[in-house]
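Presented below is the structure to which this report refers.
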Amino acid sequence: NKDPEKFKTLSKLDLMLRNNEVLSSNEEFRRFGEAITKDFKIRKTRKDTISSLMNHLVKLPHDELISIVTNAIASNDVKESNDDYQLLANFIMKKEHNN
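Under the working numbering, the first residue of the sequence shown carries the number -9, and numbering increases by one thereafter.
Laid out in structure tokens, this is it:
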């Protein structure tokens, strides 16, 4: 039951997690893991937590895995754009306050 597309998806997520590009906080990671499986626990190291998550994800059908990875990436994009909006809002507020 080898699935190269599934492997590619898991590898992409694994790399993003290891590079701290998604689920950068333990809280985000915990919520994400618990959404996949109720018995998910944060491990002592991020590396161990990633391995634990991958063990759960590998059991999922590829289409479900794609959805999960897409949501993880989208939540990161929203967080980053919110930071940008916050900077813009702070700039506007500061400018209005100084006028």
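The C-beta atom is built at its ideal place from N, Cα and C for all residues, glycine as well. These numbers were taken from a predicted model, which means no experiment stands behind them.
Original post:
Using the C-alpha atoms, what's the distance from S41 back to T27?
Top reply: T27 and S41 have their C-alpha atoms roughly 14 Å apart.
**OP:** Keeping to the same chain, check which residues put their C-beta closer than 8 Å to that of H52; ignore five residues upstream and five downstream.
**Re:** Answer for H52: D(-7), E(-5), K(-4) and T(-1), listed in chain order.
Original post:
What is the DSSP secondary structure of I56, counted as helix, strand or coil?
Top reply: If DSSP states are grouped into helix, strand and coil, I56 belongs with the helices.
**OP:** Would you identify the three-state DSSP class for F22, choosing helix, strand or coil?
**Re:** Reduced to three states, the DSSP call for F22 is helix.
**OP:** Taking V59 and L3 to be in contact with their CB atoms under 8 Å, please state how far apart those CB atoms are, rounded to whole angstroms.
**Re:** The Cβ separation is near 5 Å, so the contact holds.
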